[in-house]
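Asker: I'd like to ask some things about the structure below.
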Amino acid sequence: MKYLAVLCVLALAASSFAIKDHLLKTNKIPMGDTDIFRTDVCDECQSIVSRFADAMNDPAKVETLKLLLRGLCKETSYELECKLFVNKLDVFMGKLLPYLKDSKKVCHKFHMCGNKDINTFHKLAILYADKYVGQLDAKSKFMCDECRFAANELENMITDRRTQAAIRQFISENICTKIPHYRGACDLFVDDVLPEFFQKLEELVHDAPRFCHQIGLCDAPAGNAISDESREAKHANGRKAIHQAKQQLASIRSQAHPDILMSCLECDIAVDALIIELKTQKSINGIATDLQTTACNILPTNFTLSCNDFLGLYAPPVVYLAVNQLTSNGICKGIFHACPADSSRKAFAALTLPQQESVKCEACEAVNSHIRTILQDTDFRSRIVDGIEGALCKPLPGFATGLCENLMQSYIPTLLDQLQWYLSMPNLCSKVFHLC
Numbered sequence: 002m003k004y005l006a007v008l009c010v011l012a013l014a015a016s017s018f019a020i021k022d023h024l025l026k027t028n029k030i031p032m033g034d035t036d037i038f039r040t041d042v043c044d045e046c047q048s049i050v051s052r053f054a055d056a057m058n059d060p061a062k063v064e065t066l067k068l069l070l071r072g073l074c075k076e077t078s079y080e081l082e083c084k085l086f087v088n089k090l091d092v093f094m095g096k097l098l099p100y101l102k103d104s105k106k107v108c109h110k111f112h113m114c115g116n117k118d119i120n121t122f123h124k125l126a127i128l129y130a131d132k133y134v135g136q137l138d139a140k141s142k143f144m145c146d147e148c149r150f151a152a153n154e155l156e157n158m159i160t161d162r163r164t165q166a167a168i169r170q171f172i173s174e175n176i177c178t179k180i181p182h183y184r185g186a187c188d189l190f191v192d193d194v195l196p197e198f199f200q201k202l203e204e205l206v207h208d209a210p211r212f213c214h215q216i217g218l219c220d221a222p223a224g225n226a227i228s229d230e231s232r233e234a235k236h237a238n239g240r241k242a243i244h245q246a247k248q249q250l251a252s253i254r255s256q257a258h259p260d261i262l263m264s265c266l267e268c269d270i271a272v273d274a275l276i277i278e279l280k281t282q283k284s285i286n287g288i289a290t291d292l293q294t295t296a297c298n299i300l301p302t303n304f305t306l307s308c309n310d311f312l313g314l315y316a317p318p319v320v321y322l323a324v325n326q327l328t329s330n331g332i333c334k335g336i337f338h339a340c341p342a343d344s345s346r347k348a349f350a351a352l353t354l355p356q357q358e359s360v361k362c363e364a365c366e367a368v369n370s371h372i373r374t375i376l377q378d379t380d381f382r383s384r385i386v387d388g389i390e391g392a393l394c395k396p397l398p399g400f401a402t403g404l405c406e407n408l409m410q411s412y413i414p415t416l417l418d419q420l421q422w423y424l425s426m427p428n429l430c431s432k433v434f435h436l437c
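Position in the sequence shown (first residue = 1) + 1 = my numbering.
Here is the structure:
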């Protein structure tokens, strides 16, 4: 009889685990305190718009807001203009109020209503917020299970071929088309790199327990956590490796003309090519159209016509003036620090045209060869990955750090492999970059 009782207990335990796994796969959850999930993004957006409109009708609240904003004006470099704007705040709010009467229409404009994909991220955000607002131990297991369900929904969205195709099309139309001279190479690179990215992202979300642990909604597995000291030391070594690689690139000189820095010349060539493409009328009109479409679609319908008229007239000349402010000298020296001195440019300018063409080819091949050498050094490459990880993940909120680090450690090596393969292509400098 005793063994029969033990057998029954084990059977019940096994069935409970099986039921839980089935619930996870079918996106059903056990009953619990689900109040925090009864509203979606659209409902919350409408609630915020309605509360904002109600506050605008309350003179006491408007005066309180103006008082707070006047205090903040002192922290700006344009205090007088700021205070003048705040003093007229009730006038601006009065003009805005009629457009807030239909809260659902406003939220549709901001893509908060009618957007099913955003609810997946909303659920994760609510879970994370509830963890720190409630701080109730009884909820922790329930939130962990909820996170796993949300992770399954997120995985379905990532693996959706239509989503992937839309992202690929967006990159092609908004990035590759802006550089027509290199559009073929850009599209080819995107076609090779994006599938790997989606695969790594899918693998990351597919392991739901690990995913939810990394964003802080499930308990950490024993012995898997990395200390802050170890993480900072790893990122510091990575930053040193990246700085060392930049210094090595900056020190490469032309063999025939030692005064010319190869990295400076390569930067100038690449940036000049991009600026030339940006200065074409087609690119200027394309950027102006994108700016007009983005800005005017955000505004209420009543403003659309006047917005299109205004930006249709002024956006192209503004973009033209902005693009004409760009120079390879300012970008390569001020942003990328690839040209520490102007002597390299002066030495290059003193060459004859055939000599310049020869040095351009030499620069492309020298920089290409050096980058391949760096990528072949396994230890150095590993530290570069750590440096990129630190640069991209450290600025993120704490709950996203572990997730970002895991994605970077799995995807950046793949990206570097792809880059190394491209750099090893025969006649890259002549067929792709047209420099030899």
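From the three backbone atoms N, C-alpha and C, an ideal C-beta is built for every residue, glycine too.
Could you tell me the distance, in whole angstroms, from the CA atom of P318 to the CA atom of L205?
Answerer: Indexing the sequence shown from 1 puts residue 318 at position 317. Indexing the sequence shown from 1 puts residue 205 at position 204. The straight-line gap from Cα to Cα measures roughly 45 Å.
Asker: Which parts of the stretch 344-429 are runs of the alpha helix (DSSP H), unbroken and 4 residues or longer, counting only runs that do not cross its ends?
Answerer: Entirely contained in the stretch 344-429, the alpha helix (DSSP H) runs reaching 4 residues are, in chain order, 344-350, 354-377, 379-394 and 399-424.
Asker: Just grab the DSSP bridge partners of L262 for me.
Answerer: For this step, residue 262 is matched to residue 261 along the sequence shown. For L262, which the question treats as bridged, DSSP gives the partners R254.
Asker: Buried or exposed: which applies to L98, given that a residue is buried once 16 or more other Cβ atoms fall within 10 Å of its Cβ?
Answerer: Translated into the one-based positions of the sequence shown, residue 98 becomes position 97. Its Cβ having fewer than 16 others within 10 Å, L98 is exposed.
Asker: Is the Cβ-Cβ distance between K179 and I332 less than 9 Å?
Answerer: For the purposes of this step, residue 179 is identified with residue 178 of the sequence shown, where counting begins at 1. For the purposes of this step, residue 332 is identified with residue 331 of the sequence shown, where counting begins at 1. Not in contact: K179 and I332 (Cβ atoms no closer than 9 Å).
Asker: Out of G335, N330 and T290, which has the shortest C-alpha to C-alpha gap to G313?
Answerer: Position 312 of the sequence shown, counting from 1, holds the residue named residue 313. Here the closest residue by C-alpha is T290.
Asker: Taking 6 Å as the limit between beta carbons, can you name the residues of its chain near C74, skipping five residues before and five after?
Answerer: As a position in the sequence shown, residue 74 is number 73, starting the count at 1. Within the same chain, C74 has close Cβ partners E80, C83 and K84.
Asker: Looking only at its own chain, which residues have a Cβ that is under 8 Å from the Cβ of S344, when we skip the five neighbours before and after it?
Answerer: Here residue 344 corresponds to residue number 343 of the sequence shown, with the count starting at 1. These residues qualify, in order along the chain: D260.
Asker: In whole angstroms, what separates the C-alpha of L436 from that of K283?
Answerer: Looking up residue 436 in the sequence shown gives position 435. Looking up residue 283 in the sequence shown gives position 282. Computed Cα separation, rounded: 24 Å.
Asker: Pull up the distance between the alpha-carbon of E45 and that of R346, whole angstroms please.
Answerer: Start at 1 with the first residue of the sequence shown, and residue 45 comes out as number 44. Start at 1 with the first residue of the sequence shown, and residue 346 comes out as number 345. Whole-angstrom Cα-Cα distance: 57 Å.
Asker: Please report the distance separating the alpha-carbon of C308 from that of C297.
Answerer: Residue numbering aside, residue 308 sits at position 307 when the sequence shown is read from its first letter. Residue numbering aside, residue 297 sits at position 296 when the sequence shown is read from its first letter. Near 6 Å, if we compare the C-alpha coordinates of C297 and C308.
Asker: With a floor of 4 residues, list each alpha helix (DSSP H) that falls wholly inside the stretch 171-231, ordered by position along the chain.
Answerer: List check, alpha helix (DSSP H) in window: 184-207 and 209-215.
Asker: Is the beta carbon of V191 less than 9 Å from the beta carbon of C177?
Answerer: For this step, residue 191 is matched to residue 190 along the sequence shown. For this step, residue 177 is matched to residue 176 along the sequence shown. Yes, the pair counts as a contact, with Cβ atoms nearer than the cut-off.
Asker: Measure the C-alpha to C-alpha separation of S370 and S264 and round it to an integer number of angstroms.
Answerer: Taking the first residue of the sequence shown as 1, we reach residue 370 at position 369. Taking the first residue of the sequence shown as 1, we reach residue 264 at position 263. Their Cα atoms are separated by approximately 12 Å.
Asker: Tell me, to the nearest whole angstrom, how far the beta carbon of I366 is from that of S255; I am working on the premise that it is less than 8 Å.
Answerer: Your numbering for residue 366 matches position 365 in the sequence shown. Your numbering for residue 255 matches position 254 in the sequence shown. Per the sequence shown, the amino acid found at residue 366 is Glu instead of Ile. Not really, about 11 Å apart at Cβ, beyond 8 Å.
Asker: For K106, which of helix, strand or coil comes out of DSSP?
Answerer: Working through the sequence shown from its first residue, we reach residue 106 at position 105. K106 falls in the helix class under three-state DSSP.
Asker: Looking at the unbroken alpha helix (DSSP H) that takes in Q293, where does it start and where does it end?
Answerer: Start at 1 with the first residue of the sequence shown, and residue 293 comes out as number 292. Q282 to I299 is the span of the alpha helix (DSSP H), which, as asked, contains Q293.
Asker: Name the two residues that bound the continuous alpha helix (DSSP H) containing K334.
Answerer: By one-based count along the sequence shown, residue 334 stands at place 333. Where K334 is concerned, the enclosing alpha helix (DSSP H) stretches over S329 to G335.
Asker: Around the Cβ of C430, are there at least 16 other Cβ atoms within 10 angstroms (buried) or fewer (exposed)?
Answerer: What you label residue 430 is simply residue 429 of the sequence shown in a count that begins at 1. Result: buried.
Asker: Whole angstroms is fine: what's the gap from L137's alpha carbon to A246's?
Answerer: Position 136 of the sequence shown, counting from 1, holds the residue named residue 137. Position 245 of the sequence shown, counting from 1, holds the residue named residue 246. Model confidence at L137 stands at a pLDDT of 41, short of 50, so the residue's coordinates are unreliable; what they give is reported in the following sentence. Those two C-alpha atoms are separated by around 49 Å.
Asker: Would you call the stretch 235-249 and the stretch 372-385 touching, i.e. three or more CB-CB distances under 8 Å?
Answerer: Taking 8 Å as the limit for Cβ pairs, the verdict is that the stretch 372-385 does touch the stretch 235-249.
Asker: How is A339 classed by DSSP in three states: helix, strand or coil?
Answerer: Translated into positions along the sequence shown, residue 339 becomes position 338. The answer is coil: DSSP assigns A339 none of H, G, I, E or B.
Asker: Under a three-way DSSP split, which group does S431 fall into?
Answerer: In the sequence shown, residue 431 corresponds to position 430, counting from 1. Looking at S431 - three-state DSSP - the assignment turns out to be helix.
Asker: Let me make sure I understand the geometry here. Which of H236, G217, T281 and A166 has the alpha-carbon closest to that of K395?
Answerer: Reading the sequence shown from its first residue, position 394 is the one you call residue 395. Among H236, G217, T281 and A166, the Cα nearest to that of K395 belongs to H236.
Asker: Are the CB atoms of V324 and I372 nearer to each other than 9 Å?
Answerer: Start at 1 with the first residue of the sequence shown, and residue 324 comes out as number 323. Start at 1 with the first residue of the sequence shown, and residue 372 comes out as number 371. Result no, Cβ atoms of V324 and I372 do not sit closer than 9 Å.
Asker: Taking the alpha-carbon positions, what's the S359 to A316 distance?
Answerer: Residue 359 sits at position 358 when you count from the first residue of the sequence shown. Residue 316 sits at position 315 when you count from the first residue of the sequence shown. Going from the Cα of S359 to the Cα of A316 covers about 40 Å.
Asker: Taking all protein chains shown into account, do 16 or more other C-beta atoms lie within 10 angstroms of the C-beta of Q326, making it buried, or fewer, making it exposed?
Answerer: Taking the first residue of the sequence shown as position 1, residue 326 is located at position 325. That one is exposed.
Asker: Quick one: what does DSSP say H244 is sitting in, helix, strand or coil?
Answerer: In the sequence shown, residue 244 corresponds to position 243, counting from 1. Note: H244 maps to helix in three-state DSSP.
Asker: When the distance is taken between beta carbons, is S51 closer than 9 Å to L101?
Answerer: Position 100 of the sequence shown, counted from the start, is the residue given in the question as residue 101. Position 50 of the sequence shown, counted from the start, is the residue given in the question as residue 51. A contact, by the Cβ cut-off of 9 Å.
Asker: Given L250, which residues of its chain have a CB within under 7 Å of its CB, disregarding the five upstream and five downstream residues?
Answerer: Here the question's residue 250 lines up with position 249 in the sequence shown. The residues are S264, V368 and H371.
Asker: Just the C-alpha distance for R169 and C145, rounded to the nearest angstrom, thanks.
Answerer: Stepping through the sequence shown from its first residue, residue 169 is reached at position 168. Stepping through the sequence shown from its first residue, residue 145 is reached at position 144. About 33 Å.
Asker: Name the two residues that bound the continuous alpha helix (DSSP H) containing L68.
Answerer: Taking the first residue of the sequence shown as position 1, residue 68 is located at position 67. P60 to C74 is the extent of the alpha helix (DSSP H) around L68.
Asker: Please work out which residues of its chain come closer than 8 Å, Cβ to Cβ, to K105, disregarding the five sequence neighbours upstream and downstream, and give them in chain order.
Answerer: Translated into the one-based positions of the sequence shown, residue 105 becomes position 104. Around K105: C43, Q47 and C114.
Asker: In whole angstroms, give me the CA-to-CA distance for C187 and S173.
Answerer: By 1-based counting over the sequence shown, the position of residue 187 is 186. By 1-based counting over the sequence shown, the position of residue 173 is 172. Between C187 and S173, the C-alpha separation is close to 8 Å.
Asker: On a CA-only basis, which of V63, F111 and S425 is nearest T295? Give me that one, please.
Answerer: Here residue 295 refers to the residue found at position 294 of the sequence shown. Cα-wise, what sits closest to T295 is F111.
Asker: By how many angstroms is the C-alpha of M158 removed from the C-alpha of E406?
Answerer: Locating residue 406 in the sequence shown gives position 405, counting from the first residue. Locating residue 158 in the sequence shown gives position 157, counting from the first residue. Whole-angstrom Cα-Cα distance: 22 Å.
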